[in-house]
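Here is the structure we will look at, set down as structure tokens.
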Ligand SMILES: [Zn+2]
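In the working numbering, the protein residues as written are 252 to 396.
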């Protein structure tokens with residue numbers, strides 16, 4: 252069996268991580284703010300995790316969603332967890348815009364226009380990482396209390 256793409260060191264920019272999961276910026280050509288929340292451990296399904304850990308994953312996903320909404324004001328957020336090719340728990344968090352390449356289709360669906368992509372500059376990526384970190388740490392701290 253081929254090596255799991257999420258069990259090896261990520262080639263992507265890490266916005267935040269702890270010993271349980273990490274948030275990466277995929278640097279997708281059509282979706283520059285496309286993030287992914289990846290579990291560190293190779294676990295196949297959300298229901299393989301204890302309920303408290305499932306909640307921890309979702310708190311992280313929602314913190315990323317909130318950061319993306321605050322920074323980019325998208326028309327819609329798409330959340331997706333498939334894992335058919337990579338059966339290792341991960342969530343796609345994708346800010347969508349009515350003028351993006353595939354809207355209103357899934358970003359994996361048929362393209363309907365060229366899209367209007369503006370790559371994120373270093374300062375924006377740094378600000379996104381700070382916002383993601385702040386929101387995740389806040390969400391997880393409230394769990395521990
Ligand atoms: Zn894996």
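For each residue, glycine too, the CB sits at the ideal point set by N, CA and C.
Owing to the predicted nature of the structure, the values given are computational and were not obtained by experimental measurement.
Requested in this report: Provide the residue span of the beta strand (DSSP E) that contains residue 347, from first to last.
Outcome: For residue 347, the uninterrupted beta strand (DSSP E) run begins and ends at 341-347, by DSSP.
Requested in this report: Would you list the one or two residues that DSSP bridges to residue 330?
Outcome: In DSSP, residue 330 forms a bridge with 344.
Requested in this report: Sort out for me which residues DSSP pairs residue 286 with in a bridge.
Outcome: In the DSSP secondary-structure assignment, residue 286 is bridged to 276 and 344.
Query - DSSP state of residue 396 mapped onto helix, strand, coil - result: For residue 396, the pLDDT reaches just 48, beneath the cut-off of 50, and the residue's location in the model is therefore unreliable, although a value from the coordinates is still provided. In this structure, residue 396 counts as coil in the three-state DSSP scheme.
Query - 8 Å CB neighbourhood of residue 369 in its chain, flanking five on each side removed - result: 283, listed in sequence order.
Query raised in the report: The beta strand (DSSP E) with residue 264 in it runs from where to where?
Result: First-last of the beta strand (DSSP E) with residue 264: 264-268.
Query raised in the report: Measuring CB to CB, does residue 322 end up less than 8 Å from residue 382?
Result: Closer than 8 Å, so yes.
Query - Beta-carbon separation (whole angstroms), residue 277 vs residue 263, contact threshold 8 Å - result: Between residue 263 and residue 277 the Cβ distance is about 6 Å, and since that is below 8 Å, they are a contact.
Query raised in the report: In whole angstroms, what separates the C-alpha of residue 308 from that of residue 256?
Result: Between the alpha carbons of residue 308 and residue 256 lies a distance of about 19 Å.
Query raised in the report: Under three-state DSSP, which class holds residue 371?
Result: Look at residue 371 here: in three-state DSSP terms it is coil, with no helix or strand label.
Query raised in the report: CB residue 289 to CB residue 275, shorter than 8 Å?
Result: Cβ atoms of residue 289 and residue 275: closer than 8 Å.
Query raised in the report: According to the neighbour-count rule (16 or more other Cβ atoms, all chains shown, within 10 Å of its Cβ), is residue 387 buried or exposed?
Result: With 16 or more other Cβ atoms within 10 Å, it is buried.
Requested in this report: Please confirm whether any heavy atom of ligand 3 lies closer than 7 Å to the CB of residue 257.
Outcome: Ligand 3 is absent from the structure shown, which contains only ligand 1.
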